[in-house]
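What follows is a short report on a single structure.
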Amino acid sequence: MIKELFSENKQILSFEVFPPKKEEEFANAFLVLDSLAGLQPDFISVTYGAGGSKSKKTVEIASYIQNNLKINALAHMTCVGSGKEDIDAVTAQLKEANVNHVLALRGDRPPYMCDEQFNSRHFPHASDLTGYLNSSTDFHIAGACYPEKHYEAKDLDSDLLHLKKKCDAGAEFLITQLFFDNHVYYEFLDKARSTGINLPICAGIMPITSAKQLGTTVSLSGSSVPKKLADLIATYGDDPAEMRKAGIDYAIEQILDLKIHHVDGIHIYTMNKPKVAREIVSAIR
Ligand code: FAD
Numbered sequence: 436m437i438k439e440l441f442s443e444n445k446q447i448l449s450f451e452v453f454p455p456k457k458e459e460e461f462a463n464a465f466l467v468l469d470s471l472a473g474l475q476p477d478f479i480s481v482t483y484g485a486g487g488s489k490s491k492k493t494v495e496i497a498s499y500i501q502n503n504l505k506i507n508a509l510a511h512m513t514c515v516g517s518g519k520e521d522i523d524a525v526t527a528q529l530k531e532a533n534v535n536h537v538l539a540l541r542g543d544r545p546p547y548m549c550d551e552q553f554n555s556r557h558f559p560h561a562s563d564l565t566g567y568l569n570s571s572t573d574f575h576i577a578g579a580c581y582p583e584k585h586y587e588a589k590d591l592d593s594d595l596l597h598l599k600k601k602c603d604a605g606a607e608f609l610i611t612q613l614f615f616d617n618h619v620y621y622e623f624l625d626k627a628r629s630t631g632i633n634l635p636i637c638a639g640i641m642p643i644t645s646a647k648q649l650g651t652t653v654s655l656s657g658s659s660v661p662k663k664l665a666d667l668i669a670t671y672g673d674d675p676a677e678m679r680k681a682g683i684d685y686a687i688e689q690i691l692d693l694k695i696h697h698v699d700g701i702h703i704y705t706m707n708k709p710k711v712a713r714e715i716v717s718a719i720r
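Heads up, the final residue of the sequence shown is numbered 720 in the numbering used here, and it's a clean run with no missing numbers.
Shown next, in the form of structure tokens:
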């Protein structure tokens, strides 16, 4: 069980991967996973489409991690476009595949979803999905959290009160949205603890290896870009090799500082790039 690893008094190392879009890409995805497995992470999480239509691919990749690589697989599951029956169906597939850890998420509103559908969704929030899974399955459940607040939340205080509901509904540990400024994370951690959120929290780190990737990442995550990272992009953005090195060094520096501050875990958003993950892991171990 992943939650037990936290109490063994060590810092967890975990990775996030995404499933391939097409069937013919699975062979390569398995090679990526083999390579990541060589870095001996404590768990690997697998993303899920917000609408749930590609859930089988998440199950297939999570199954490979759990059964072939013998590493804890954490399957993401979103509920924004799902009713109880859809969630039950994915639950059955995961159980069949021997996958017992789930990251319960609401998911972003898919572009095709009209206001009426969005406003009448069966599970309004991730805490509702967490509560449902907690009462209807024996999954070990994790939740997402946002050091710079979720983009829909009025402020961090209200977002943290909602996060507390997710914890009370049965989450066993949390993983943060990616962030580039550790001070933002330390402040979030202080506030979370004083809100009564005492679960282990894995700090989400994404290595930025190109200027284009930073643009996409920031627009999707809403994470702020500190001056130091903006300066790196300005200096190395036009030189792919130098930018890659500078981005990896930035992530290594962030992680080393987090480790000194005794964070519970480091979760690397690998973007399915095992070479980048390898360079980071060899520098931080
Ligand atoms: P929630 O916890 O439901 O929060 C969403 C908003 O609702 C917040 O503003 C919160 O403050 C508010 N809220 C929560 N509970 C209540 C309540 N009871 N009353 C009123 N307001 C409330 N997306 C994917 O599609 N697939 C993935 O695989 C995926 N993986 C992710 C992994 C991580 C680690 C993270 C951080 C995010 C991931 N996402 C993924 C993105 C996520 O789905 C979106 O950020 C989504 O908009 C919110 O999901 P949530 O589970 O955090 O939602």
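Just so it is clear, CB atoms sit at the ideal spot from N, CA and C, and this is done for glycine as well.
_Judging by CA-CA distance, which residue of Leu-693, Glu-714 and Ala-669 is the nearest neighbour of Asp-684?_
Translated into positions along the sequence shown, residue 684 becomes position 249. When only C-alpha atoms are compared, the closest one is Glu-714.
*asked:* Does the segment 558–576 come into contact with the segment 598–605, if we say contact requires no fewer than three beta-carbon pairs (one atom in each stretch) closer than 8 angstroms?
replied: Judged by Cβ distances under 8 angstroms, the segment 558–576 makes contact with the segment 598–605, as three or more pairs qualify.
*For Gln-552, the nearest candidate out of Asn-502, Thr-565 and Gly-516 (CA to CA)*: Walking along the sequence shown from the start, residue 552 turns up at place 117. Comparing Cα positions, the closest option is Gly-516.
*At 4 residues or longer, and completely inside the segment 633–686: list those alpha helix (DSSP H) runs for me, N to C.*
Counting whole runs of 4 or more residues, the segment 633–686 contains the alpha helix (DSSP H) stretches 646–656 and 662–671.
*Pairwise C-alpha distance: Ser-645 and Ile-668*: On the sequence shown, position 233 is the one that residue 668 refers to. On the sequence shown, position 210 is the one that residue 645 refers to. Going by the C-alpha atoms only, they are around 8 angstroms apart.
_Outcome for Gly-542 when other beta-carbon atoms lying within 10 angstroms are tallied against a minimum of 16_ = As a first step, residue 542 must be located in the sequence shown, where it is residue number 107. When all chains shown are included, Gly-542 counts as buried.
*Measure from the alpha carbon of Phe-450 to the alpha carbon of each residue in Arg-720, Lys-694, Gly-650 and Cys-637, then state which is nearest.*
Locating residue 450 in the sequence shown gives position 15, where the first residue counts as 1. Here the closest residue by C-alpha is Cys-637.
*Ala-646: CB within 8 angstroms of a non-hydrogen atom of the ligand FAD*: Along the sequence shown, one-based indexing puts residue 646 at 211. No, Cβ of Ala-646 sits at least 8 angstroms from all heavy atoms of the ligand FAD.
*Return the chain-ordered list of same chain residues with a C-beta closer than 6 angstroms to the C-beta of Gly-566, the five sequence neighbours on each side being excluded.*
One-based indexing of the sequence shown puts residue 566 at position 131. Only Ala-604 meet the Cβ criterion.
*Quick one: what does DSSP say Cys-514 is sitting in, helix, strand or coil?*
Position 79 of the sequence shown holds residue 514. If DSSP states are grouped into helix, strand and coil, Cys-514 belongs with coil.
*With DSSP as the reference, please indicate the residues paired to Thr-611 in a beta bridge.*
Locating residue 611 in the sequence shown gives position 176, counting from the first residue. According to DSSP, Thr-611 bridges with Cys-580.
*Proximity of Glu-622 and Pro-582 at Cβ, strictly below 9 angstroms*: Along the sequence shown, read from residue 1 onward, the residue named residue 622 stands at position 187. Along the sequence shown, read from residue 1 onward, the residue named residue 582 stands at position 147. Yes, the pair counts as a contact, with Cβ atoms nearer than the cut-off.
*Pick out the complete beta strand (DSSP E) segments inside the segment 537–580, 3 residues or longer, and give them in chain order.*
Within the segment 537–580, the complete beta strand (DSSP E) runs of at least 3 residues are 575–580.
*Is Ala-507 helix, strand or coil when you go by DSSP?*
As a first step, residue 507 must be located in the sequence shown, where it is residue number 72. Looking at the sequence provided, one finds Asn at residue 507 rather than Ala. It is a strand residue.
*Would you decide whether Arg-679 is buried or exposed? Buried here means 16 or more other CB atoms lie within 10 Å of its CB.*
Locating residue 679 in the sequence shown gives position 244, where the first residue counts as 1. Classification for Arg-679: buried.
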